[in-house]
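Below: the structure, in C-alpha cells.
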Amino acid sequence: MPKTPLQCKVNGRPWSGTVLPNLRLLDFLRDVLGLTGTKEGCGEGECGACTVLFDGKAVDSCLLLAAEADGHEVVTIEGLTPRGQLDPLQEAFIEEGAVQCGYCIPGMILSAKALLMENPEPNEFDIQRALAGNLCRCTGYAKIITAVQKAAGREGASRAPAACCEPLEHPAGTPCPCLPPFQLETPDTLERALDILDQQGQRAQVLAGGTDLLVAMQDDHRSAPGVVLSLMKLEPQLRYIRQEGDRIHIGPLATYTDVIESSLLREGAPLLVLAASEVGSLQIRNRGTLAGNIATASPSGDTLPALYCLGAEVVVRSRKGERALAIEDGFLGPKQHAFRPEEMVVEIRFPCPPPGTKDFFYKVGPRRAQAITKVTVAGHFALENDRVKQCRLALGAVAPTVVRAKHTEQLLTGQLLSNPLIEQASQQVKEECSPIDDIRSESWYRREMVGTLLRRGLRSLVDPSVSPCRVFPE
Ligand SMILES: Cc1cc2nc3c(=O)[nH]c(=O)nc-3n(C[C@H](O)[C@H](O)[C@H](O)COP(=O)(O)OP(=O)(O)OC[C@H]3O[C@@H](n4cnc5c(N)ncnc54)[C@H](O)[C@@H]3O)c2cc1C
Ligand code: FES
Ligand code: FES
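For the record, in the sequence shown the residue sitting at position 208 is 207 according to numbering that gives the first Met the number 0, with numbers rising by one throughout.
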C-alpha cells in the first residue's frame, strides 16, 4: 500500500514524512512518535481516552486518519508540559485528587483545556457538557469537575499550550494499523472528487468527519471500502453556512460545532441548533457533519427530524449533473439513502423560517449525552394568537426512516391550541409511527413516548414554563 505524505505540527514541533493511509492519528502519535500519553480505550469515539487538540479543538484521535493531520496542529498531553512545568489544570487535578487510574485523565485534561481556551469562566453545566465525551469508569467525576473549576481561575489555564520549535524525531516504532487497507484519495477540487466517485462507483466511500465511517471500518473489515475519498483538502470550499436570498445554505463539511456556533442559524433556524447540540459529545460534534448524518441514513440521526421540519433539500452532484431532493425523499430505509454511489452531497439548504416561528425538540436516550436516540419528536410552528397557521412535525427512531406526522399536522392546522386539541393530537400521533423492538427500546414504549413528547411540545408553544428542548433522562 503506497504511503501518503504528512506534514503537521505536534506539540508545536514540525513533523514531515509519510504514513500508511490506514494509520489512525492515535496510532501515529503512540507508535510513530512515541507519545504514549494518548490512550486507546474503546477505539470508537465513546470513551474520550484518545482525546487530543486538533487546531485547538478536542477530537477523538481514534476517529481520524493520521493523513488528515496534514497541514494541522495537534497537541497531546505531553504538549501541556513542554518545559517540564505542569499546566494549571494538571496541578488542580493533583490537588483535588481527581487523578485516579491515569488512563482516562490525559483525555479529560485535554477536553478541559479546550473548554478553558474557549471559555475561561465555565459554569458547572459547561464543564459537564465539555467532559461528556470522556468516560471515567471509576466514577471520579465530582473531583474532576471541582479540579476544572479550580483551574479556571488560575493564571495560564486558558492560554494555548506553549510552542516548541525543534523538529520532532522519528522514533523507533513500527505502527500496526487496525483499519483494513484501502486506497486513500485526497482530491483538491470537487471535480476531481466527482471523477473518482464516477470511476470507482460502489468501491469508493466519501470520508467527511469519519465519526460513522471509521467506526464502521474498524468494526467490520470485510465491508470496508476499497477507496476512501477524503474531502480534507476541500474544506475551504465545502465548509460554510450562509444565507443567499431567502434560503440558508450549508456546505457538506460544516460540522455540528459550526452549526451550534453559527449566529445565522441561532437566529434563523434554532431548531437545527437544538438538534446539533444534542449529538454525541464535544469531540463528535467537532468532527461530525450534517452531510454525514444524512448520508448515514439512520432513522435515529438527530438532525434529520429538524431538517424535515425546516423543509430542507439535499443537493447531490455527480459527473452527470446536480439534483436537489426533498429531504423526505432522501431515504429508502434504515441505512439506505436515495443517492447513487457516484453522487456526493454538496449542499443542504432550506428556506429561512419566517420571524416568530416556534420550535420544539425532544430526544429520549439511555443517558444524557453520547446517546443514540430511542425516540425523537421535533416540531416547527407558525402561530397567530395561539392558533396554528402552519406546522410540521417529524418523528425519529420510530419507523424505518424519519417520518412526518402529516395527519396530526392536518388536525392541528387552523386550530386553536386548546387542551382538548393537544390531547387529541397526542393520541393521533401515536398512529403515525411504526416503531420496532430493538436493543435500545421496545415498540410500545416508543409509541407512548411519541404521544407524551408531542403533548409536551404543544404545551411549550403556549406555556413559557414548559421547555421547548429536552433530552431525557434529564
Ligand atoms: C461516539 C459517537 C456518538 C454519536 N452520537 C450521535 C448522536 O447522538 N446523534 C447522531 O445523530 N449521530 C451520532 N453519531 C453518529 C455520527 O457522529 C453522525 O452520523 C455524523 O453526522 C456523521 O458525520 P461524519 O461527517 O462523521 O460522517 P462520516 O463518518 O465521514 O461519513 C458517514 C457516511 O456518510 C457518507 N458521507 C459523508 N459525507 C458525504 C457526502 N458529502 N456525500 C456523500 N456521502 C457522504 C460517508 O461515505 C459514510 O458512508 C455518533 C457517533 C459516534 C462515534
Ligand atoms: S479510544 Fe475511546 S474515544 Fe477513542
Ligand atoms: S479516573 Fe480513570 S476511570 Fe476514573
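From the three backbone atoms N, C-alpha and C, an ideal C-beta is built for every residue, glycine too.
Start and end of the alpha helix (DSSP H) containing P235?
Taking the sequence shown and counting its residues from 1, one reaches residue 235 at position 236. P235 -> alpha helix (DSSP H) spans 234-237.
Can a CB atom of chain B be found closer than 8 Å to the CB of Q426?
No chain B appears in the structure shown, which is made up of a single protein chain.
Helix, strand or coil, according to DSSP, for M343 in the structure here?
Mapped onto the sequence shown, residue 343 falls at position 344. M343: strand per DSSP, three-state reduction.
Reducing DSSP to helix, strand and coil, say where Y140 ends up.
Position 141 of the sequence shown, counting from 1, holds the residue named residue 140. Reduced to three states, the DSSP call for Y140 is helix.
Does C175 pass the burial test, meaning 16 or more other C-beta atoms within 10 Å, or should it be called exposed?
If you number the sequence shown from 1, residue 175 lands on position 176. Exposed, since its Cβ has fewer than 16 Cβ neighbours within 10 Å.
So what's E383 in DSSP terms, helix, strand or just coil?
As a working note, residue 383 is residue 384 in the sequence shown. DSSP places E383 in strand when its eight states are reduced to three.
Suppose the cutoff is 8 Å on Cβ atoms and the five residues either side in sequence are ignored; what does the same chain contact list for Q201 look like?
Within the sequence shown, the letter at position 202 stands for residue 201. Cβ neighbours of Q201 beyond the five flanking positions: P340.
Under 8 Å, do L420 and V461 count as touching if we go by C-beta distance?
Residue 420 sits at position 421 when you count from the first residue of the sequence shown. Residue 461 sits at position 462 when you count from the first residue of the sequence shown. No, the pair does not count as a contact, with Cβ atoms beyond the cut-off.
Excluding sequence positions up to five away, which residues of its chain have a Cβ less than 7 Å from the Cβ of Q335?
As a working note, residue 335 is residue 336 in the sequence shown. Within the same chain, Q335 has close Cβ partners A296.
Exposed or buried, what is T173 when buried is set at 16 or more other beta-carbons lying within 10 Å of its beta-carbon?
Here the question's residue 173 lines up with position 174 in the sequence shown. Counting Cβ neighbours within 10 Å, T173 comes out exposed, since fewer than 16 surround it.
Ordered along the chain, which non-local residues of its own chain (more than five positions away) have a Cβ less than 7 Å from that of L457?
Indexing the sequence shown from 1 puts residue 457 at position 458. Excluding sequence neighbours, L457 sits near L416, I421, A424.
On the three-pair Cβ rule with 8 Å, is the segment 116-132 touching the segment 280-289?
yes
One question on the structure: do G44 and T254 come within less than 8 Å of each other, judged by their Cβ atoms?
Numbered from 1 along the sequence shown, position 45 holds the residue referred to as residue 44. Numbered from 1 along the sequence shown, position 255 holds the residue referred to as residue 254. No, the Cβ-Cβ distance between G44 and T254 is not below 8 Å.
Along the chain, where does the beta strand (DSSP E) that runs through F360 open and close?
For this step, residue 360 is matched to residue 361 along the sequence shown. Start and end: 357-363.
When every heavy atom of ligand 3 is checked, does at least one fall within less than 7 Å of the C-beta of Y102?
Numbered from its first residue, the sequence shown carries residue 102 at position 103. Within the cutoff, so yes.
Please list, in chain order, all residues of the same chain as P81 whose beta carbon is under 6 Å from its beta carbon, the five residues on each side excluded.
Indexing the sequence shown from 1 puts residue 81 at position 82. Contacts found: A161, C163.
Less than 7 Å between the CB of T185 and some heavy atom of ligand 1, yes or no?
One-based indexing of the sequence shown puts residue 185 at position 186. Not so, every heavy atom of ligand 1 lies at least 7 Å from the Cβ.
Given a cut-off of 8 Å, decide if S459 and F359 are closer than it, judged by their beta-carbon atoms.
For the purposes of this step, residue 359 is taken as the residue at position 360 of the sequence shown. For the purposes of this step, residue 459 is taken as the residue at position 460 of the sequence shown. Yes, they are a contact pair.
Give the DSSP-derived three-state secondary structure of C7 in the structure shown.
The residue given as residue 7 occupies position 8 in the sequence shown. Three-state DSSP puts C7 in a strand.
Using the beta-carbon count (16 or more within 10 Å), is C137 buried or exposed?
Locating residue 137 in the sequence shown gives position 138, counting from the first residue. Under this definition C137 is an exposed residue.
Take the Cβ of A326 as the centre, count every other Cβ of all protein chains shown within 10 Å, and call the residue buried at 16 or more, exposed below.
Here residue 326 refers to the residue found at position 327 of the sequence shown. This sequence places Ile at residue 326; Ala is not what is there. Classified as buried, I326 has 16 or more neighbouring CB atoms from the shown chains inside 10 Å of its CB.
Could you spell out the range, first to last residue, of the beta strand (DSSP E) harbouring I435?
Stepping through the sequence shown from its first residue, residue 435 is reached at position 436. Segment: none, I435 is in no beta strand (DSSP E) and carries neither H nor E.
Should V397 and V470 be called a contact, given that it needs their Cβ atoms to be closer than 8 Å?
Counted from its first residue, the sequence shown places residue 397 at position 398. Counted from its first residue, the sequence shown places residue 470 at position 471. The answer is no: Cβ separation not under 8 Å.
What whole-angstrom Cβ distance do C88 and K112 have, given they're in contact under 8 Å?
As a position in the sequence shown, residue 88 is number 89, starting the count at 1. As a position in the sequence shown, residue 112 is number 113, starting the count at 1. Just to set this straight, residue 88 is Leu in the shown sequence, not Cys. Contact holds; Cβ gap of about 6 Å.
Can you name the start and end residues of the alpha helix (DSSP H) that S262 belongs to?
Stepping through the sequence shown from its first residue, residue 262 is reached at position 263. Where S262 is concerned, the enclosing alpha helix (DSSP H) stretches over 262-267.
When you compare the CB positions of N133 and C100, do they come within less than 8 Å of one another, or not?
Within the sequence shown, the letter at position 134 stands for residue 133. Within the sequence shown, the letter at position 101 stands for residue 100. No, they are not a contact pair.
Skipping 5 residues on each side, what residues in its chain have a beta carbon closer than 6 Å to that of C46?
The residue given as residue 46 occupies position 47 in the sequence shown. Once the five neighbours on either side are set aside, the close Cβ partners of C46 are G40, L134.
Shortest alpha-carbon distance to P475 belongs to which of R265, S15, K429?
Beyond the ends of the chain as shown, which are 0 and 473, falls residue 475; an answer cannot be given.
Is C46 near ligand 3, judged by its Cβ being under 7 Å from some heavy atom?
Locating residue 46 in the sequence shown gives position 47, where the first residue counts as 1. For ligand 3, not one heavy atom lies less than 7 Å from the Cβ of C46.
In whole angstroms, what separates the C-alpha of R322 from that of L206?
Indexing the sequence shown from 1 puts residue 322 at position 323. Indexing the sequence shown from 1 puts residue 206 at position 207. Roughly 21 Å separates the two Cα atoms.
Can the beta-carbon of A393 be found closer than 8 Å to that of C308?
For the purposes of this step, residue 393 is identified with residue 394 of the sequence shown, where counting begins at 1. For the purposes of this step, residue 308 is identified with residue 309 of the sequence shown, where counting begins at 1. Going by C-beta atoms, A393 is nearer than 8 Å to C308.
So if DSSP puts H336 in a beta bridge, which residue, or which two residues, is it bridged to?
Numbered from 1 along the sequence shown, position 337 holds the residue referred to as residue 336. Bridge partners of H336 according to DSSP: F330.
Report the rounded CA-to-CA distance for E312 versus K319, giving the unit in angstroms.
In the sequence shown, residue 312 corresponds to position 313, counting from 1. In the sequence shown, residue 319 corresponds to position 320, counting from 1. So the alpha carbons of these two residues sit roughly 19 Å apart.
Can you determine whether any heavy atom of ligand 2 sits closer than 7 Å to the C-beta of C137, and answer yes or no?
On the sequence shown, residue 137 is found 138 positions in, with the first residue counted as 1. No, ligand 2 has no heavy atom inside 7 Å of this Cβ.
Just to check, is the beta-carbon of G40 closer than 7 Å to a non-hydrogen atom of ligand 2?
Locating residue 40 in the sequence shown gives position 41, where the first residue counts as 1. Within the cutoff, so yes.
What are the start and end residues of the beta strand (DSSP E) that includes I76?
Start at 1 with the first residue of the sequence shown, and residue 76 comes out as number 77. I76 -> no beta strand (DSSP E), and no H or E assigned at all.
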